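Enquirer: Here it is, the structure, as structure tokens.
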Amino acid sequence: MGIGVALSNAMGGLANINRDLAVVSQNVSNANTPGYTREVSNQQALSVGGQGMGVVSGPATRVLNAQQQGDLFTQNATVGGLHTRQQALASIDAVMGTPGQGNDLASLLGKVQDGFSALLANPDSQSGQAQVLSAAQRFANQINTVSAAVDSARQHAQTGILADVASLNTAIISIGAQTQQIMTAKAAGVSTADLENQRDVGMAQISQLIDARFLVQTNGDIKAITPSGLSVNFAAGATTFATPATNLGPSAFYPGGGVPAISMNGVDVTQQLAGSGSLGGNIDVRDNIMPGIQAGLDELAQTISTRFAAQGLTLFTRPDGTIPTGAGVPVQATYLGYANAISVNPAVLAAPKLLRDGTHAIAGAAGGASAFTPNPALGPAGFTTMITRVINFTFSTQVAPGTGQPPANSNGLGPQGNLVGPFSAGGSLATMTGALVTASAGLASIVSANLQTERAVQTSLQTRLADGSAVNIDTELSTMVQLQNAYGANARVISALQAMWAQLLQSVG
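Positions in the sequence shown are counted from 1; adding 110 to them yields this note's numbering.
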């Protein structure tokens with residue numbers, strides 16, 4: 111090897127070290143940048159005809175475990191879906207009231223029952239009648255409040271779907287543009303590490319919206335596949351998700367019932383997106399969770415109204431004084447959303463003595479309530495028959511002595527008849543109310559516990575990925591010291607070669 115070759119090798123070494131230092135500097139400056147993955151320089155020995163000719167530098171690449179990244183993206187979707195559900199259920203828990211604290215449905219219903227028990231001792235008491243009406247109004251108002259919260263949570267989920275779809279489209283466009291740049295750079299042999307880091311940010315955003323596995327090709331192209339088989343193409347204009355805005359009512363349902371679909375390139379993919387990710391969570395809240403709670407509230411409102419009316423007292427009604435009929439298909443078709451409207455009968459509010467006298471006669475029939483005749487206008491002030499019937503039968507498991515209450519509907523609920531309620535056959539009003547509150551609180555507790563567990567898994571995956579891919583300042587500083595030493599060594603080689611050239615020229619001269 112001649113002096114010229116040695117000098118060329120040393121100069122090449124300095125150039126390679128300069129590139130390495132640039133990569134180290136890039137890593138250090140982005141140590142706290144979200145989504146940034148550590149980059150490393152690449153070089154290999156250069157030889158010609160078996161003789162060493164220095165070093166050749168290649169494009170910087172990223173230190174990334176693709177499998178670990180994919181696992182984290184999947185976990186992001188799991189956590190995103192649970193978090194969305196947990197937030198929605200928390201909003202219902204906030205208005206359901208705390209059992210035993212006097213502000214929950216079961217406690218408020220108990221106060222109505224207590225009011226009737228107190229009124230039995232003095233049926234003509236105006237203050238006692240007012241107390242019953244006040245308790246009944248508070249109970250009806252609480253049903254209204256919870257039902258309104260369900261409506262709000264469902265509408266919030268629909269709004270969230272719109273936002274998620276918009277975010278999904280934005281991320282797809284961004285990834286598509288970055289992918290085109292990456293493919294161009296790879297074809298030119300230029301480092302794509304920084305572009306891939308930028309693209310990873312968009313991939314992470316998508317992983318929070320939907321469950322998707324990203325497939326990166328050797329040429330830099332990328333596609334995403336969902337567990338349901340949807341394929342997302344990131345080429346410009348190749349994939350667009352869409353859904354319209356709408357206001358949802360208790361009778362709205364998907365599909366075909368006023369709840370809009372989510373489409374991909376014009377094709378309904380709502381069911382394929384349901385499940386994980388915030389988008390999947392919002393779909394579940396909108397189409398399953400909140401309709402299920404609403405169905406339970408509607409059934410409770412209808413059952414309470416009809417059980418009072420069955421004994422001769424129309425206490426709970428619509429604002430117009432009527433009770434919805436129950437002969438629909440599906441079973442709740444005629445009283446969907448009744449929980450939003452249930453109130454104390456305006457006729458009873460206008461004439462509280464009807465609590466004592468009753469509002470209508472009951473003929474009596476096998477399998478139903480016994481016969482009842484209301485107290486006439488000039489009847490006894492101490493008339494207790496109506497109040498006794500309410501205490502003994504409206505609030506009990508029997509509609510008449512030895513005859514069980516007609517069971518509340520627990521199957522075939524909701525506008526499509528595909529929802530299931532938490533009620534048991536023949537239960538009392540207190541049992542029904544408690545079951546409804548317990549079911550909602552239980553679901554919220556399960557979702558919260560699952561969210562806590564999955565977040566712990568997510569944190570573990572983040573740590574594992576960061577250990578192998580994130581920038582470690584100590585590692586970078588150690589690398590920089592090695593590069594400084596190598597730079598000094600190459601510089602000394604050049605200095606020695608210069609001295610040798612000088613001696614050679616001097617001897618020739």
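Built from N, CA and C at the ideal position, the CB exists for glycine as well.
This structure is a prediction, so every number in the text was calculated from the model and none was measured.
Tell me T171's beta-bridge partners as DSSP assigns them.
Expert: Counting from one through the sequence shown, the residue named residue 171 turns up at place 61. T171 is bridged to V150.
Enquirer: Pick helix, strand or coil for I433, following the three-state DSSP scheme.
Expert: On the sequence shown, residue 433 is found 323 positions in, with the first residue counted as 1. In this structure, I433 counts as coil in the three-state DSSP scheme.
Enquirer: If you draw a straight line from the alpha carbon of M542 to that of A473, how long is it in whole angstroms?
Expert: Numbered from 1 along the sequence shown, position 432 holds the residue referred to as residue 542. Numbered from 1 along the sequence shown, position 363 holds the residue referred to as residue 473. Taking the straight line joining both Cα atoms gives about 27 Å.
Enquirer: Would N375 and T350 qualify as a contact pair, given that the criterion is a beta-carbon distance under 8 Å?
Expert: On the sequence shown, position 265 is the one that residue 375 refers to. On the sequence shown, position 240 is the one that residue 350 refers to. Taking 8 Å as the Cβ cut-off, N375 and T350 qualify as a contacting pair.
Enquirer: In angstroms, rounded to a whole number, what distance separates the CA positions of G634 and T413?
Expert: Not covered by the structure: residue 634. The range shown for the chain is 111 to 619.
Enquirer: Return the chain-ordered list of same chain residues with a C-beta closer than 7 Å to the C-beta of Q621, the five sequence neighbours on each side being excluded.
Expert: It is not possible to answer for residue 621, since the shown part of the chain is limited to 111 through 619.
Enquirer: Would you identify the three-state DSSP class for S361, choosing helix, strand or coil?
Expert: In the sequence shown, residue 361 corresponds to position 251, counting from 1. Note: S361 maps to coil in three-state DSSP.
Enquirer: Nearest to K221 by alpha carbon, out of D203, Q236, S235, A240?
Expert: Start at 1 with the first residue of the sequence shown, and residue 221 comes out as number 111. The residue with the shortest Cα to Cα distance from K221 is A240.
Enquirer: Check for me: the beta strand (DSSP E) holding F324 runs from which residue to which?
Expert: Position 214 of the sequence shown, counted from the first residue, corresponds to residue 324. Counting along the chain, the beta strand (DSSP E) containing F324 begins and ends at 323-326.
Enquirer: May I ask which residues mark the beginning and end of the alpha helix (DSSP H) holding A554?
Expert: As a working mapping, residue 554 is identified with position 444 in the sequence shown. Here the alpha helix (DSSP H) through A554 covers 539-579.
Enquirer: Less than 8 Å separating the beta-carbons of P233 and G524?
Expert: Taking the sequence shown and counting its residues from 1, the one referred to as residue 233 is at position 123. Taking the sequence shown and counting its residues from 1, the one referred to as residue 524 is at position 414. For P233 and G524, no; Cβs fall outside 8 Å.
Enquirer: Taking the alpha-carbon positions, what's the I282 to R148 distance?
Expert: Locating residue 282 in the sequence shown gives position 172, counting from the first residue. Locating residue 148 in the sequence shown gives position 38, counting from the first residue. For I282 and R148, the distance between alpha carbons rounds to 24 Å.
Enquirer: From this set, V133, M313, M293, which residue's C-alpha is nearest I335's C-alpha?
Expert: Locating residue 335 in the sequence shown gives position 225, where the first residue counts as 1. Ranking the options by Cα distance to I335, first place goes to M313.
Enquirer: How is the alpha helix (DSSP H) around S480 delimited, first residue to last?
Expert: Within the sequence shown, numbered from 1, the residue matching residue 480 stands at position 370. It is not in any alpha helix (DSSP H) - S480 carries neither H nor E in the DSSP assignment.
Enquirer: Could you name the residues that DSSP lists as bridge partners for F351?
Expert: Residue numbering aside, residue 351 sits at position 241 when the sequence shown is read from its first letter. In DSSP, F351 forms a bridge with M374.
Enquirer: Per DSSP, what are the beta-bridge partners of A508 in this structure?
Expert: Within the sequence shown, numbered from 1, the residue matching residue 508 stands at position 398. The sequence as given places Gln at residue 508; Ala does not occur at that position. Answer by DSSP bridge pairing, in chain order: G514.
Enquirer: Checking the sheet assignment: what are the DSSP bridge partners for G368?
Expert: As a first step, residue 368 is located in the sequence shown; it is residue number 258 there, counting from the start. Bridge partners of G368: F363.
Enquirer: Measuring straight from C-alpha to C-alpha, what distance separates T495 and D430?
Expert: To locate residue 495, count along the sequence shown from 1; it is residue 385. To locate residue 430, count along the sequence shown from 1; it is residue 320. The straight-line gap from Cα to Cα measures roughly 27 Å.
Enquirer: Work out the CA separation of A345 and Q315 for me, nearest whole Å.
Expert: Mapped onto the sequence shown, residue 315 falls at position 205. Mapped onto the sequence shown, residue 345 falls at position 235. If I take the Cα positions, the gap works out to 18 Å.
Enquirer: If you measure between the beta carbons of V256 and I202, is that distance less than 8 Å?
Expert: The residue labelled residue 256 in the question sits at position 146 within the sequence shown. The residue labelled residue 202 in the question sits at position 92 within the sequence shown. Their beta carbons are under 8 Å apart, which means V256 touches I202 by this criterion.
Enquirer: Evaluate contact between the region 497-514 and the region 526-533, counting only Cβ atoms and requiring at least three cross-stretch pairs below 8 Å.
Expert: They do not touch, by the three-pair rule.
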